[in-house]
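**Student:** Please find one structure pasted underneath; my questions will follow.
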Amino acid sequence: MKIEKVGVVGCGLMGHGIVQIAAQGGHEVIALDLDSGALDKGIARIEKSLAKLASKAVEKGRQSEEEAQAWVRDVRARITPSTDIESLRDRDLVVEAIVENLEIKKKLFAELGEKVQAEGILASNTSSFPIGEMAEASGRPSRFVGLHFFNPVQLMRLVEVVRTEATDEDVFAAARAFGEACGKTPVACKDTPGFIVNRLLVPYMVEAIEMLDRGDASKEDIDTAMQLGCGYPMGPLTLTDYVGLDTTLFILEGWTERYPDEPAFRVPASLRQKVNEGKLGRKTGEGYYSWQGDKKS
1145 MKIEKVGVVG CGLMGHGIVQ IAAQGGHEVI ALDLDSGALD KGIARIEKSL
1195 AKLASKAVEK GRQSEEEAQA WVRDVRARIT PSTDIESLRD RDLVVEAIVE
1245 NLEIKKKLFA ELGEKVQAEG ILASNTSSFP IGEMAEASGR PSRFVGLHFF
1295 NPVQLMRLVE VVRTEATDED VFAAARAFGE ACGKTPVACK DTPGFIVNRL
1345 LVPYMVEAIE MLDRGDASKE DIDTAMQLGC GYPMGPLTLT DYVGLDTTLF
1395 ILEGWTERYP DEPAFRVPAS LRQKVNEGKL GRKTGEGYYS WQGDKKS
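Counted from 1, the sequence shown has number 1164 at position 20 by my numbering; the numbering is strictly sequential.
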């Protein structure tokens, strides 16, 4: 099966990026958001991003100004904004990128399962929820996968392609090919908590927070040690501030509730305390560090 017509539900932080890379990959894309304001904002972000890419191509001599502008027009022409879920009926693939609320996602997939053509593939961009539960809610578990892109979608090269025991082989192959067509490197994973990246990354962040809470080392020394000792671009406490303490807590609370016997899944005391105090990281100006824009102290 070849994916040509794509729908993306949700045109926010992740959704607009998925719309853009799908269009850049040659797909006809419907960008759907029930909130017309959010839809307009997402489309504006795409147009700004495309203009920036075109400008860089001209600066580096890869394209002439005319070629770059023609490329922008071609990509933009493949994107159709919509607020009507009925517009997704003929899609070969529909990717969900809405709020991280499992019940809301399941309700959406139940509707998509009824409306999207029978051969269409449904996918979730979730970073933490079980793919199998959404697949069951859709009524077409054999034609369901996880497609976990990373933020910012336009720049991050990875996509995790997540399969359940019910996923058809041709569906998995088509989803993987879609990721490649979008310019990403796909990795395969079973439907396991956090898939590959977050399953390794979040417990690592927890260990760093608990080291700090115990007074084993300062936040600066923990971060510097992991940067210089392991070659990471930033340390785990800086990363937690970038991800958002509320987002990190949300993931951990879901995991600890679902998997109470997994020792790697636990909530550090300081993480919960800071979230209760509204100290959510870089976006609020304070988390484990104090932030002034990109500068921390």
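Quick reminder that beta carbons are idealized off the backbone N, C-alpha and C, glycines included.
1. Could you give the distance in angstroms between the alpha-carbon of A1166 and the alpha-carbon of D1184?
2. Does the distance from the C-beta atom of K1328 to that of R1307 stay below 8 Å?
3. Tell me which residues share the same chain as D1357 and place their Cβ nearer than 8 Å to its Cβ, disregarding the 5 neighbours each side in the sequence.
4. What's the gap between the Cα of R1235 and the Cα of D1228?
5. Three or more C-beta pairs under 8 Å: does that hold for the region 1151–1160 against the region 1203–1221?
6. Under 8 Å, with one C-beta from each stretch per pair, do the region 1337–1356 and the region 1368–1384 reach the 3-pair mark?
7. Flag this pair as yes or no: are the beta carbons of F1293 and M1158 separated by less than 8 Å?
8. Note down the Cα distance separating L1424 from V1173, rounded to an integer number of angstroms.
9. G1169 and A1352 look like a contact to me (Cβ under 8 Å); what is the Cβ gap, rounded to whole Å?
10. First and last residue of the beta strand (DSSP E) that includes S1226?
11. By Cβ distance below 7 Å, which residues in the same chain neighbour E1148 in space, the five residues on each side in sequence not counted?
12. Check E1304 in the structure and name its three-state DSSP category.
13. Would you be able to state if there are at least three C-beta pairs under 8 Å between the region 1275–1290 and the region 1308–1324?
14. Return the residue from the list V1202, G1161, P1337, F1253 that minimises the CA-CA distance to R1220.
15. By alpha-carbon positions, which one of N1342, M1355, D1179, E1258 ends up nearest to S1271?
16. Using C-beta distances below 8 Å, list every residue in its chain close to S1180, excluding the 5 sequence neighbours before and after it, in chain order.
17. Determine which residues share a DSSP beta bridge with A1267 and list them.
18. Can you list, in chain order, the residues of its chain with a C-beta nearer than 8 Å to that of F1316? Leave out the 5 residues immediately preceding and following it.
19. Give me whichever residues DSSP pairs with W1435 in a beta bridge.
**Tutor:** Inspection of the coordinates gives the following:
1. Annotation: A1166 to D1184 spans about 18 Å, alpha carbon to alpha carbon.
2. In this structure, R1307 does not lie closer than 8 Å to K1328 by Cβ.
3. P1412, A1413, S1414.
4. Cα to Cα, the separation comes out at about 13 Å.
5. Per the Cβ contact rule, the region 1151–1160 is not in contact with the region 1203–1221 (fewer than 3 Cβ pairs under 8 Å).
6. Verdict: yes, contact present.
7. F1293 is a Cβ neighbour of M1158, given a cutoff of 8 Å.
8. Annotation: L1424 to V1173 spans about 34 Å, alpha carbon to alpha carbon.
9. No, G1169 and A1352 are not in contact; Cβ-Cβ is about 37 Å, not under 8 Å.
10. Start and end: 1223–1226.
11. Within the same chain, E1148 has close Cβ partners H1171, E1172, D1236.
12. Under the three-state reduction of DSSP, E1304 is assigned to strand.
13. As far as the Cβ criterion goes, the region 1308–1324 touches the region 1275–1290, which means the pair count is three or higher.
14. Closest in alpha carbon position to R1220, among V1202, G1161, P1337, F1253, is G1161.
15. Restricting attention to N1342, M1355, D1179, E1258, the CA atom closest to the CA of S1271 is found in N1342.
16. Closer than 8 Å at the Cβ level, and outside the excluded window around S1180, lie T1227.
17. In the DSSP output, where bridge partners are listed per residue, A1267 has V1239, V1289.
18. So the qualifying residues of the chain are V1289, V1305, R1307, A1332.
19. Per DSSP, K1440.
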